[in-house]
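Below: the structure, in structure tokens.
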Amino acid sequence: GAVVSQHPSWVICKSGTSVKIECRSLDFQATTMFWYRQFPKQSLMLMATSNEGSKATYEQGVEKDKFLINHASLTLSTLTVTSAHPEDSSFYICSASQGARGGYTFGSGTRLTVV
Amino acid sequence: AQRVTQPEKLLSVFKGAPVELKCNYSYSGSPELFWYVQYSRQRLQLLLRHISRESIKGFTADLNKGETSFHLKKPFAQEEDSAMYYCALFGNEKLTFGTGTRLTIIP
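Chains as they are written, first to last, in my numbering: chain A, 11 to 125; chain B, 36 to 142.
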């Protein structure tokens, strides 16, 4: 079945540094990938929709200059948290669409801790 | 705006007993609804979707447009059903998730 690999699974970084999270579709091409964020005991919140070869579409309230998304190929999307702060600490999950409406596969998530 | 509500954060059920995880939604159009499951230390995975009307691992869910609900049911709970369950709605080209229900099956 379709597999989405997300890396790293956890990362600790210092305030002010940048962190890059990768999301790869291993056995299918994903023209669209999604990035979610989950705060403790809260729901998954969509941050942005990543489209191959074009700019990402950000949800209201998500800073596009802080959360840089690049979808340079049909199998890779990256999320870079720039100038990270402790409040950016969260669980980030990506998912990829195989094209069929609602056919999403999720990565295993990345736990980011900013100290 | 679309919204998904899962009123129960925690649910404990004895093995062999029926299970019902509640999900209500708010959406102006015709919704596509899903249930996702996350077992301990595993990734989120699709459990079932309403358009396929299938039964996975004994779970079923019926879309009730009148009550705007999509409750997940299983007649006889099994220990391996213990997990986190998320109801989700696809609309306006995006998925919106509920806050999830942690189901614990008591042996």
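Glycine residues also receive a C-beta, built at the ideal position from the N, C-alpha and C atoms.
Check	Outcome
Quick one, are the C-beta atoms of B/Y62 and B/A123 less than 8 Å apart?	no
Does the Cβ of A/H95 have 16 or more other Cβ atoms within 10 Å, making it buried, or fewer, making it exposed?	exposed
I need the DSSP call for B/E55, collapsed to helix, strand or coil.	strand
Answer with buried or exposed for B/Y74, where buried requires no fewer than 16 other C-beta atoms within 10 angstroms of its C-beta.	exposed
In the DSSP output, what is A/I2 paired with across the bridge?	Residue numbering for chain A in the displayed model covers 11 to 125; residue 2 of chain A lies beyond these limits and cannot be assessed.
What does a CB cutoff of less than 6 Å around B/A52 pick up in its chain, not counting 5 residues either side in sequence?	A112
Would you mind telling me which residues of chain B sit closer than 7 Å to A/Q52, beta carbon to beta carbon, in chain order?	T134
What in chain B is Cβ-close to A/T59, meaning under 8 Å?	E128 and K129
Let's see if you can read the secondary structure: which residues bound the beta strand (DSSP E) around A/R34?	V29 to S35
Buried or exposed: which applies to B/D116, given that a residue is buried once 16 or more other Cβ atoms fall within 10 Å of its Cβ?	buried
Listing by chain order, which chain B residues have their CB less than 8 Å from the CB of A/L56?	K129, L130 and T131
Under the three-state reduction of DSSP, which class applies to B/E115: helix, strand or coil?	helix
Against chain A, which members of the region 72-90 of chain B pass a CB distance test of less than 8 Å?	Q77, R78, L79, Q80, L81, R84 and I86
Please work out which residues of its chain come closer than 7 Å, Cβ to Cβ, to B/F132, disregarding the five sequence neighbours upstream and downstream, and give them in chain order.	V39, Y121 and A123
Which whole-angstrom value is the C-beta distance of B/F69 and B/F125, which I expect to be below 8 Å?	7 Å
Between A/S35 and chain B, is any beta-carbon pair separated by less than 8 Å?	no
Which residue wins for smallest C-alpha separation from B/S104, given the options B/L56, B/L81, B/G93 and B/L83?	B/L56
Verify the CB distance criterion: does A/F116 have a CB-CB separation below 8 Å to chain B?	yes
Any contact between the region 35-51 of chain A and the region 73-87 of chain A? By contact I mean 3 or more CB pairs, one from each, below 8 Å.	yes
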